[in-house]
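Each remark here refers to the structure printed beneath this line.
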Amino acid sequence: MRKRKTAPAIIPILIAVFLSGCLKIEPTYTKEKIVDSVISLCLTEYNIEPKVWLLEDTLWIYIPVSSLITSNLQLDQETFIAINKVMLGASRVVLSMKPRPQFIVVVASDTQQYGLDYMITTWIPDIVKYQLQLISRDEFGRRNLIEISEDAKALGDEEGRHLEKKDINFWEFLSLQISQRIRFKFTLDPKYQDYFKLGEINSEISGNTFRIKAYIEKIKALPDDKINVQKEIAKIVFEVIKAYEIKDYLLIDIENTATGKKALFTKSELVKLLR
Amino acid sequence: MSDLRKLKVYFRLHWIKILLITLASILGIFTVIVLSAGVTAMLNLESFYKQLQFSSIPLQFFFSIVTAIIFASIYTIFHYWFFFGGGMTKLGQKKVKSEEVNIRWKEVIGMDEVKREAWEVVQLLKDRSSLQRVGGRVIKGLLLSGPPGCGKTYLAKAIATEVGLPFLSVVGSEIEGIIVGLGAAKLRALFKEARAMAELHGGCIVFIDEVDSIARPRRGDMGFGGQMSANAAVNQLLTEMDGLRKIENNVVVIGATNVDERELDPALMRAGRFDRKIYIGLPSLKDRENLFRFYLSKIKYDPESIDVAVVARKAVYKSPADISNIAREASIIAVRNKKEKVTMKEINEAMDRIDLGLKKPIEFSEKEKEQVAYHEAGHAIVAYLLHPTDDVFKASIIPRSIGLGVVSHHSRQESHIHNREYYLANIKVTLGSYVAEKLKFNTTTSGVDEDMHQAMWWAYNMVWRWGMGPSGLKGNFKALEASFGNPLGFSTPNFLSEKTKEKLDEDVQKIIQQCLQEVEGLLTKEAQLLERFAQELKNRQELDYDEIEAIFKECGKERLRQP
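Protein chains in written order, with numbering that gives the first Met the number 0: chain A, 0 to 274; chain X, 0 to 562.
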């Protein structure tokens with residue numbers, strides 16, 4: 000008797016529990032109100048009032064700060080915390096919204112001392128992956144574009160008028176990320192940092208070809224002289240290709256403008272090289 | 000009564016209940032608050048995080064169920080195996096098919112009366128249907144009691160072979176375990192299996208050796224839990240045996256024990272549990288002869304050298320297991336002596352080894368040898384000339400595990416009751432050593448320690464227990480003390496006056512002194528015999544029955560025969 004009574008009660012509970020994943024949950028924020036939402040959230044929760052603009056698929060956020068760089072050329076700690084808070088607030092809004100924009104660009108500008116812009120560009124799907132712990136914190140850091148530039152127009156600009164706001168294109172973002180990764184590799188990696196001098200690095204993705212032109216000059220003999228700059232660059236490109244699961248590429252064309260050496264890797268050569 | 004007082008009384012009577020209800024209420028309120036706070040927080044989450052939570056619930060739930068099923072299965076299997084299936088409950092349990100037991104009825108030697116009673120049980124088990132036709136009930140329990148080594152297990156196996164039923168054998172002491180309730184669990188498992196076997200084969204015999212381990216009377220626990228476990232085992236046995244009776248599934252329990260059935264739980268002894276009780280005692284002279292013939296037939300022996308009747312007479316108070324052991328030991332000694340057949344010499348040696356223990360490699364000095372020889376000669380002469388029932392079978396000054404020397408004396412026939420003269424003779428025999436040493440060396444040694452102990456023991460029991468004291472005090476004074484004593488032995492109430500105790504102690508000493516005087520008189524009178532016997536013993540180290548008889552005959556002495 001008891002069994003007969005409990006079974007009908009348990010079955011709907013089990014069904015409800017298993018279907019809970021399929022629940023349709025209304026997004027907390029909408030794209031129409033994204034600007035207000037980000038401002039309101041940052042103001043309420045972090046007491047920061049950023050300037051926000053939504054272009055087609057890119058959310059621009061501007062934070063004017065009184066100090067960006069300290070006297071010993073380090074990022075000001077308070078500014079760094081404020082940037083992170085705004086980044087977190089913006090991420091929360093875009094994550095709980097449908098449809099989402101593709102990029103967030105946060106610019107913190109030194110409006111009082113030097114007129115410097117500190118710009119972080121993040122692809123929103125990368126934030127999702129990071130939140131779901133599909134990528135590590137380091138990898139997430141490598142995927143963000145960080146750019147520091149000097150702009151005199153930033154001085155006194157509390158409204159972000161000096162920003163050249165535009166929609167970011169995914170391939171453009173990827174090209175810049177490749178350039179950034181190459182730069183970091185040859186300037187921050189202890190294995191290379193004292194042996195190379197870097198100039199301009201340009202990468203371009205056109206059609207199925209990745210074209211990288213980089214000025215990488217060897218200034219000192221390396222302990223291990225077998226290092227092949229072209230191959231190292233190819234590895235970096237391959238890492239990005241793998242990270243973003245790009246399947247339809249054919250060629251990687253690498254040119255070191257410092258030495259004039261060129262290298263061309265086909266897809267199969269690249270796979271063989273990195274095996 | 001004022002309301003406040005009523006409240007106080009109510010609180011005193013129900014404070015545990017009140018405390019528990021209060022704690023449960025606090026816990027309940029706390030749980031509701033925590034749950035509602037959790038649900039509210041979850042509902043207030045931003046859609047991305049809410050989605051994240053909800054989507055992970057089925058997976059978490061699924062893994063929780065899988066984990067719970069795995070652990071519950073492991074726990075259940077282990078628990079079942081440990082307590083019921085074959086772990087702890089199977090320890091000490093042997094399952095044997097009747098054809099594997101293979102002890103035929105005719106191989107049960109002696110104990111004719113016992114066999115007759117057991118045969119009736121066999122017939123009842125074999126022809127259960129005819130018994131049921133006349134409305135009779137099948138025997139459910141058979142208790143075999145008696146001294147160790149008398150063939151209880153052997154008989155149980157013979158019953159199993161004859162009936163042709165499966166035989167489950169357990170030892171009572173192995174049923175009880177360190178875990179409270181394990182004994183009861185083992186019994187449940189055992190009877191469950193027995194019932195299954197009975198269903199398959201038409202019946203089953205459960206043999207519980209040393210059944211007293213699980214059948215002692217139930218008592219209150221002293222707070223350590225051990226008695227509770229023992230009580231549980233007895234209760235379980237009662238339940239199982241009652242259960243059998245109700246279901247009528249032809250499972251018969253045979254219990255074997257060395258203890259008196261009065262020392263077992265009375266509930267087990269009543270009809271419907273152990274219906275039949277068979278006492279298997281030590282074999283009679285005729286049985287011993289049969290047993291010797293049976294066991295000697297299994298080894299190569301010289302029939303001309305071995306007179307089975309003589310050997311059987313010598314082996315008084317020996318159990319069938321002892322007799323089997325004598326035959327086996329004799330064959331081992333024969334092999335060691337490179338003999339083709341076992342002769343009387345090997346039988347004697349085997350009996351000595353079993354009775355007196357192994358020889359010890361001790362080197363005596365001449366003086367020590369002489370002291371021991373006179374000591375043992377004293378025993379032997381007193382036993383020969385004053386003991387009303389015993390024959391002197393051996394005198395030895397070879398050191399063995401039981402002592403530096405020995406005089407083996409016992410009656411040719413078992414007797415189950417003894418008179419005052421018998422005990423006095425025992426005391427005199429034990430004091431013979433002391434007197435002999437005193438007469439010969441004008442001093443005595445510590446070698447009389449055990450003899451004095453024995454003499455005191457006999458005298459004490461004569462006076463305190465059997466009303467044989469010279470003062471005329473009658474009664475079992477020992478029982479009076481023991482029956483009113485605290486079972487834990489912390490204190491013993493004094494029911495005897497100091498005067499009575501004094502008198503009883505005086506009686507003990509009087510008996511010892513009287514015996515001593517008599518023995519002194521005898522050995523002074525037989526000084527020549529003492530000298531001769533001691534010298535013979537010193538020279539030959541060991542004297543057997545015939546040699547002892549020859550010495551006494553030569554000296555013109557005859558042993559005392561009981562009228």
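All C-beta atoms, glycine included, are put in the ideal place defined by N, C-alpha and C.
Query                                                                                                                         : Result
Between the CA atoms of residue 409(X) and residue 314(X) - distance to the nearest angstrom                                  : 10 Å
Those runs of the beta strand (DSSP E) which lie wholly inside the stretch 132 to 213 of chain X and span at least 3 residues : 140 to 144, 166 to 170, 203 to 208
DSSP beta-bridge partners of residue 275(X)                                                                                   : 141(X)
Pairwise C-alpha distance: residue 433(X) and residue 427(X)                                                                  : 10 Å
Range of the contiguous alpha helix (DSSP H) that encloses residue 347(X)                                                     : 343 to 355
Chain A contact for residue 484(X) (CB, 8 Å cutoff)                                                                           : Summary for residue 484(X): the model assigns pLDDT 47, below 50, so the residue's position carries little reliability, and this model does not support an answer.
Residue 490(X) in three-state terms, based on DSSP                                                                            : Residue confidence for residue 490(X) is low, a pLDDT of 48 falling below 50, so the modelled location carries little weight; the figure read from the coordinates is stated next. Three-state DSSP puts residue 490(X) in coil, outside helix and strand.
Residue-level contact to chain X via CB, residue 26(A), 8 Å cutoff                                                            : yes
Pairwise C-alpha distance: residue 151(A) and residue 113(A)                                                                  : 7 Å
Pairwise C-alpha distance: residue 444(X) and residue 536(X)                                                                  : 19 Å
Reduced DSSP secondary structure (H/G/I, E/B, other) of residue 13(X)                                                         : helix
Contacts of residue 22(A) in chain X (Cβ-Cβ under 7 Å)                                                                        : 53
Residue 365(X) - DSSP class collapsed to helix/strand/coil                                                                    : helix
Touch test, the stretch 94 to 101 of chain A against the stretch 18 to 33 of chain A, Cβ-Cβ under 8 Å, three pairs minimum    : yes
Host beta strand (DSSP E) of residue 393(X) (start-end)                                                                       : 389 to 395
Alpha carbon of residue 349(X) to alpha carbon of residue 153(X), nearest angstrom                                            : 23 Å
is_contact[residue 63(X), chain A] using C-beta, thresh 8 Å                                                                   : no
Any chain X beta carbon closer than 8 Å to residue 34(A)                                                                      : no
Member of 447(X), 402(X), 386(X), 435(X) whose CA lies at the smallest distance from the CA of residue 425(X)                 : 386(X)
Residue 302(X): CB within 7 Å of a non-hydrogen atom of the ligand PLP                                                        : Judged by which ligands are present, the structure shown has none, so any question about the ligand PLP falls away.
Boundaries of the beta strand (DSSP E) in which residue 543(X) is found, first to last residue                                : 541 to 543
Listed by chain order, chain X residues near residue 95(A) by CB distance under 7 Å                                           : 45, 46, 47
Simplified DSSP assignment, three categories, for residue 471(X)                                                              : coil
Close Cβ partners of residue 514(X) (< 7 Å) along its chain, the five nearest in sequence each way excluded                   : 423, 426, 427, 430
Straight-line gap, residue 136(A) to residue 129(A) (C-alpha atoms, nearest Å)                                                : 7 Å
Any C-beta of chain A under 8 Å from that of residue 235(X)                                                                   : no
Where residue 108(A) falls: helix, strand or coil (DSSP)                                                                      : strand
Beta-carbon spacing of residue 85(A), residue 47(A) below 8 Å                                                                 : yes
Entirely enclosed beta strand (DSSP E) segments - the stretch 136 to 199 of chain A, minimum 3 residues                       : 144 to 149
Buried versus exposed call for residue 586(X) [16 or more other C-beta atoms within 10 Å across all chains shown]             : Because chain X is modelled from 0 through 562, residue 586(X) falls outside the range shown and cannot be assessed.
Reduced DSSP category for residue 203(A) - H, G, I as helix; E, B as strand; rest coil                                        : strand
Members of the stretch 89 to 119 of chain A that neighbour chain X once the beta carbon cut-off is set at 7 Å                 : 91, 94, 95
Inter-residue spacing [alpha-carbon to alpha-carbon] between residue 477(X) and residue 496(X)                                : 13 Å
Proximity test, Cβ basis, 8 Å: residue 122(X) and chain A                                                                     : no
Which of helix, strand or coil DSSP assigns to residue 8(A)                                                                   : helix
Residue 161(X) vs residue 210(X) beta-carbon contact at 8 Å                                                                   : no
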